[in-house]
Each structure stands twice: as structure tokens, then as C-alpha cells.
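Engineer: One structure is given below, represented as C-alpha cells, and several questions about it will come after.
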Amino acid sequence: IAGLSWPIAVLLGAMLIITGPTVIQPLLREAKLSRRPAAYLRWEGVLNDAIGAVLAVLVLEALLALGARGEVPSTLLAVLASLALGTLAGAGLGIGAAFLTRFLFIRDYAPEFLKAPIVLAVALLIYGMTDLVQPEAGLIAVALYGVGLANMDLPEIEDLKRFKEGLSVFLVSGLFIVITANLPRSVFAEIGLPELAFIAAMLLLVRPAAMMLATIGSDMSWRERLFVAYIAPRGIVVAALAGLATALLADSVYEDADLILPLVFSIIVATVVLHGVAMAPFGRLLGLAAQPRPGLIIVGANPWTTAFGECLRRLGTPVLLCDQSMDALREARDLDMPTHEGHMLAPSAEDPDTLKDYEILLAATANDAFNALVCLRFSTELGAQHVYQTGFGGAAAGLDLHRQWRGKLLIGPDMTIRALLDRLEAGWGFGVENLDEETDSGGALRPDPEHRLPVALLKPNGELLLASPEGELSSAVRGRLVVFAPVRVSG
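Given below as C-alpha cells:
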């Protein structure tokens, strides 16, 4: 379609196998898909990032070796042998390095402050060592190193993930700037109708056909297959490979090699823009989006949390009530409220999937130290602004626990779970007030401990905000206000 010669077409095809995880991950985070389709796209990007890069480099080396008169059979045999050798070297070094890292960490041979730098240093080392065997095969080693670390139950894994994410954003952003800064505008002058038709065919014909073929016999639903068949954003690895190929083939016999860079960058722009814009609405259209409203996890089942959760659930907010006691959850289950039995600080294998669709957490047990630990544990996943706990009481009442070691206080520091339960027993209950343009929202959001306590605000777009003196509800918003008061408020 683009008028490319077969050698350059094969090279371009090898490059465009890659769907970059550095592009997919932010898009998935914003699209809020359900777990299965998100996992398909994420793992495709992780695996193809390494496989596609190695394949593209091997094809490039084959083209350079063939030139105009090379012997195809012998070159292909050499390429396959090189691929096998690079894969074996990468697999051995990557998995071996993961076990070595685990040994160093478990035996306390690595100081705590050096663990993240050690992981980075090992990744760079095995990349370079594998690259000596086969160029770009280091990607396989690093990918398997990461897979190995993720499956070894290291207590440091969450810290390593945060370090990796920050480093990835910094490096990928810098690479995009460096690569595009060296991209003259004249390269896009090569783009004409055949090239535009090629880009459209890649997005609308080649990708869907390839994915429909690749998922034959899988347990994917037709909606999941259709979604994955459309979404395939390309990223930094494809851009870097295109720059490498263009430079190496500049003086070769392949005259159309100068089309690689504009075609690749055009596809990157087209896929990131079109797939980025379409991912969320397309997922909702196919019924693959996660719950549309931010859900609330409540840790600690008691009459107050059960009543609060049921009030939010009636307003359409997803609520999950968690406790390690079956008896404590019985009232909520009688109300058909979603519940989860288990210890939040000692999760079972299926717990992460159970809790993944919720974005806000409230710890409201009678143990203030446990509440703080739960908030600290989940702040790395949900964000420190999205974890709350009830006020301190008992032995913890006199503690000035710093904000970084606990969650935001719900309602106020004096509103312990015991104080809230006492009010419930005295006849207090939950109600809803509608805030509109005529309402004095500033006054409505102001707590009155003796007569009325605002607890949560649901904005018109479904966003949930919990009341806290450390992050006060905005008086400029409108929505439905959940209050805890002696007399139920109808709204």
C-alpha cells in the first residue's frame, strides 16, 4: 500500500509488532477498564516490547548482511540461530539475576537505602551482558528479571515499583524529547496518500485481523477480542528502533529506507491520539469499563459503618465492607451489601483482585493503630489523599500522630468510632441533603458536633468526597451531601 520494497516492509512490520507498555499503562489508568481487557493489553505490551525489539534488530542485521546480493537461506539460518542464542542468554541472565537479588535481600546483604539502586544496577548489567551476545536481546533479560522479582514475594516490591514508575516517566519523557528533537520536519514531506492509506490499513485492517487470528481458541469474549483488536498504541521503543534503522540504512541499497521514520512517527501519533481518545468510551460501549463511580472500601464492620455504607449504596456509590469476622459482616450481608471477609494486612491471593476496582478507603475499626497501618499500607496504591480513618481514642487519644503515618481523619479528630456508635445508639442516623445554587453550601458543609455532621459529598459527576478537616469539602461544589444527624434528613 505504501509502495515499500519487501525488505523494508518486513523490517517495518517487525517494528510495529511492539505496543509500548509505557504508553498503554497511563491510558489504562485513565480509561478505568475492567481487569481482563486491561490485563491483555498490559501483558501484550510487556512481552512484545522485548520480542518485537529483538526481532526488528535481527531483521535489520539481516538486511544489512544481505545488501543487494546476499544468500537468503544462509542469512535466515544465521538470524534464527542468533535469535535462539540471544533468547537463551537473556532468559538465563534475567531469571538468574532475580534469584541473586532475592538472595541478597532476604539475607540482608543489601542495605535498605541501596536496594532500589541495586535493582537498577543489576538491570543495566544484565542488559549489557546479554547485548554482547545478541544486540537488543538485553530487553528479554530485563523483562524476565522484572517478572522474576514480581513473583518472589519480596517485602520491598512496592518500594521498587514506585522507584521504577518514577524513573520510567523521567527517562521515557526525556527519550521522546531527544528523539523528536533530531527529527527534521522535512521527513513528513514524504507522507502522501499511499502512506496515509498504509496508516489507516494498519489501524483498521492489519491490527484487527492479527488479533482476531491470535485469539482463536482463547476464552476471551467477542467484546474483549474486538476491544483488543482495535487498541494498539505504539511508544518509545518503536521510535528508537526507527531512528536506529534509518541511520544504519542511510547509505544502503534500500532507497525507500527513508520512509521508515515518517511512517513510524505518524503511526505513533495516530495510535496514541486515536486510541487514547477512544479507549475509555469504546470500553464503555462494549461493557468492558470498570464501575463508573469511584468505589469506597470500608474496613471494619459495625452498625455505624454498615449504615453509612448502605446510605452510599442507595445513592449509587459502590461500597465494599471488609472485616475478618463473619459475625460482624452478618448485618451487611442481610442488606445484600458487598462484603469481604479477610485481614487487610494479611491478604490472600485473590484479595488484590477483589479490592482493585475501589478508589477510596475508610478504616473505621476500634483499633486506631490498625486503622493507621491499613491507611499507610493502601496509600501507596490509592494515594494518600484517598485513605481515611476515624478519630483517635483510648490509648491513642494523646498521640499527635503525624499525617504521613496515618490516613486523613474522617469528620474530625474527636469523632472516634466509639463516639459515632454512641450517637447512633442515641437515635442519630444518616440522611441526604441536596446542594444546589440556592443552598448556602458553606454553611451546609460546616460540622456541628451536637446537631449535625456532614460525612460525605457526592458530586453531580459521581465523584465521592469524604469530610475531613485535613481536606475540607469545597463550598463551591454542588451535589448530594450525606449527613449524620439526630433526625434523618430527606433529600
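The numbering used here puts the first residue of the sequence shown at -7, with every later residue one more than the last.
Just so it is clear, CB atoms sit at the ideal spot from N, CA and C, and this is done for glycine as well.
As the structure is a computational prediction, the values presented were derived from the model and not from experiment.
1. Can you list the alpha helix (DSSP H) stretches of 4 or more residues lying completely in the stretch 289 to 351, in chain order?
2. With contact counted as at least three CB pairs below 8 angstroms, one residue from each stretch, are the stretch 36 to 49 and the stretch 258 to 265 in contact?
3. DSSP state of residue 421, grouped into three classes?
4. Under the three-state reduction of DSSP, which class applies to residue 426: helix, strand or coil?
5. Once the 5 residues before and after residue 10 are set aside, which same chain residues still bring their CB inside 7 angstroms of it?
6. Buried or exposed: where does residue 203 fall if 16 or more other Cβ atoms within 10 Å of its Cβ makes it buried?
7. Under the assumption that residue 7 contacts residue 233 (Cβ atoms under 8 angstroms), give the Cβ distance between them as a whole number of angstroms.
8. Leaving aside the five residues before and after residue 379 along the sequence, list all residues of the same chain whose C-beta is less than 6 angstroms from its C-beta, in chain order.
9. Using a Cβ distance threshold of 8 angstroms, determine whether the stretch 211 to 221 contacts the stretch 243 to 263, with at least three qualifying pairs required.
10. Could you give the residue range of the alpha helix (DSSP H) that holds residue 437?
11. By the DSSP assignment, the beta strand (DSSP E) with residue 181 in it spans what residues?
12. Please tell me whether residue 38 and residue 3 are closer than 7 angstroms, where the distance is taken between their beta carbons.
13. Which residues in the same chain have their Cβ closer than 7 angstroms to the Cβ of residue 183, if we skip the five residues on either side of it in sequence?
14. Could you check where the alpha helix (DSSP H) with residue 476 kicks off and where it finishes?
15. Our contact map puts residue 457 next to residue 425 with C-beta atoms below 8 angstroms; I'd like the distance itself, whole angstroms only.
16. Is any heavy atom of the ligand FMN found at a distance shorter than 6 angstroms from the C-beta of residue 72?
17. Mind checking which residues open and close the beta strand (DSSP E) that includes residue 381?
18. When we look at the beta-carbon of residue 162 and count the other beta-carbons within 10 Å, is it buried (16 or more) or exposed?
19. Could you pull the start and end residues of the beta strand (DSSP E) that residue 286 belongs to?
20. Starting from residue 444, follow its DSSP beta bridges and name the residues at the other end.
21. Assign residue 114 to buried or exposed, taking buried as 16 or more other Cβ atoms, counted over all protein chains shown, within 10 Å of its Cβ.
22. Considering only the beta carbon of each residue, do residue 190 and residue 30 sit closer than 7 angstroms?
23. Which runs of the alpha helix (DSSP H), 4 residues or longer, sit entirely within the stretch 99 to 158?
24. Going by alpha carbons, who is nearest to residue 323 out of 298, 311, 442?
25. Compare the Cα-Cα distances from residue 155 to each of 117, 103, 112 and report the closest residue.
26. State the Cα-Cα distance for the pair residue 377 and residue 221, rounded to the nearest angstrom.
27. If you pair each beta-carbon of the stretch 83 to 91 with each one of the stretch 138 to 149, do three or more pairs fall below 8 angstroms?
28. Which residue from 436, 95, 446 puts its Cα closest to that of residue 110?
29. Throw me the rounded Cβ distance for the residue 287 and residue 309 pair, which I believe falls under 8 angstroms.
30. Whole angstroms are fine: how far does the CA of residue 312 sit from the CA of residue 327?
31. When the Cα of residue 127 is compared with those of 168, 460, 171, 76, which residue comes out closest?
Structural biologist: According to the data block:
1. Segments of the alpha helix (DSSP H) lying fully in the stretch 289 to 351: 295 to 306, 318 to 326, 343 to 347.
2. Result no; under three Cβ-Cβ pairs closer than 8 angstroms.
3. As a working note, residue 421 is residue 429 in the sequence shown. In this structure, residue 421 counts as strand in the three-state DSSP scheme.
4. Along the sequence shown, read from residue 1 onward, the residue named residue 426 stands at position 434. Here residue 426 sits in strand by DSSP.
5. In the sequence shown, the residue the question calls residue 10 occupies position 18. If you ignore the 5 residues before and after residue 10, its C-beta comes within less than 7 angstroms of the C-beta of 40, 41, 44, 45, 226, 229, 230, all in its own chain and listed in chain order.
6. The count along the sequence shown starts at 1 and reaches residue 203 at position 211. Here residue 203 is buried, its C-beta having at least 16 other C-beta atoms within 10 Å.
7. What you label residue 7 is simply residue 15 of the sequence shown in a count that begins at 1. What you label residue 233 is simply residue 241 of the sequence shown in a count that begins at 1. Correct: roughly 5 angstroms between the Cβ atoms.
8. Indexing the sequence shown from 1 puts residue 379 at position 387. Spatial neighbours of residue 379 in its own chain (CB-CB distance under 6 angstroms, excluding positions within 5 residues in sequence) are listed in chain order as 353, 367, 370, 371, 399.
9. In short, these stretches do not touch, since the Cβ pair count stays below three.
10. Position 445 of the sequence shown, counted from the first residue, corresponds to residue 437. For residue 437, no alpha helix (DSSP H) segment is defined, and its DSSP state is neither H nor E.
11. Numbered from 1 along the sequence shown, position 189 holds the residue referred to as residue 181. Counting along the chain, residue 181 falls outside any beta strand (DSSP E), and DSSP gives it neither H nor E.
12. Taking the sequence shown and counting its residues from 1, one reaches residue 38 at position 46. Taking the sequence shown and counting its residues from 1, one reaches residue 3 at position 11. Result no, Cβ atoms of residue 38 and residue 3 do not sit closer than 7 angstroms.
13. Position 191 of the sequence shown holds residue 183. Apart from sequence neighbours up to five positions away, the residues of its chain that approach residue 183 with a beta-carbon distance below 7 angstroms are 254, 258, ordered along the chain.
14. Counting from 1 along the sequence shown, the entry for residue 476 is found at position 484. That residue, residue 476, is in no alpha helix (DSSP H); its beta strand (DSSP E) goes 471 to 477.
15. Within the sequence shown, numbered from 1, the residue matching residue 457 stands at position 465. Within the sequence shown, numbered from 1, the residue matching residue 425 stands at position 433. Not really, about 14 angstroms apart at Cβ, beyond 8 angstroms.
16. Absent from the structure shown: the ligand FMN. Ligands present: none.
17. One-based indexing of the sequence shown puts residue 381 at position 389. Note, residue 381: beta strand (DSSP E), 379 to 381.
18. Stepping through the sequence shown from its first residue, residue 162 is reached at position 170. The Cβ neighbour count for residue 162, taken over all protein chains shown within 10 Å, is under 16; the residue is labelled exposed.
19. Stepping through the sequence shown from its first residue, residue 286 is reached at position 294. Where residue 286 is concerned, there is no enclosing beta strand (DSSP E), because DSSP gives it neither an H nor an E.
20. In the sequence shown, the residue the question calls residue 444 occupies position 452. Note: residue 444 sits in a beta bridge opposite 440.
21. Mapped onto the sequence shown, residue 114 falls at position 122. Here residue 114 is buried: its Cβ has 16 or more other Cβ atoms, across all protein chains shown, within 10 Å.
22. The count along the sequence shown starts at 1 and reaches residue 190 at position 198. The count along the sequence shown starts at 1 and reaches residue 30 at position 38. In this structure, residue 30 does not lie closer than 7 angstroms to residue 190 by Cβ.
23. The stretch 99 to 158 contains these whole alpha helix (DSSP H) runs: 107 to 125, 130 to 142.
24. Residue 323 sits at position 331 when you count from the first residue of the sequence shown. Taking the Cα of residue 323 as reference, the smallest distance to any Cα among 298, 311, 442 is reached at 298.
25. To locate residue 155, count along the sequence shown from 1; it is residue 163. For residue 155, the nearest C-alpha among the options comes from 112.
26. The residue labelled residue 377 in the question sits at position 385 within the sequence shown. The residue labelled residue 221 in the question sits at position 229 within the sequence shown. Taking the straight line joining both Cα atoms gives about 36 angstroms.
27. Segments in contact, yes.
28. One-based indexing of the sequence shown puts residue 110 at position 118. The candidate whose alpha carbon is nearest that of residue 110 is 95.
29. Position 295 of the sequence shown, counted from the start, is the residue given in the question as residue 287. Position 317 of the sequence shown, counted from the start, is the residue given in the question as residue 309. 7 angstroms between Cβ atoms; contact.
30. Mapped onto the sequence shown, residue 327 falls at position 335. Mapped onto the sequence shown, residue 312 falls at position 320. Residue 327 and residue 312 have their C-alpha atoms roughly 12 angstroms apart.
31. In the sequence shown, residue 127 corresponds to position 135, counting from 1. Here the closest residue by C-alpha is 76.
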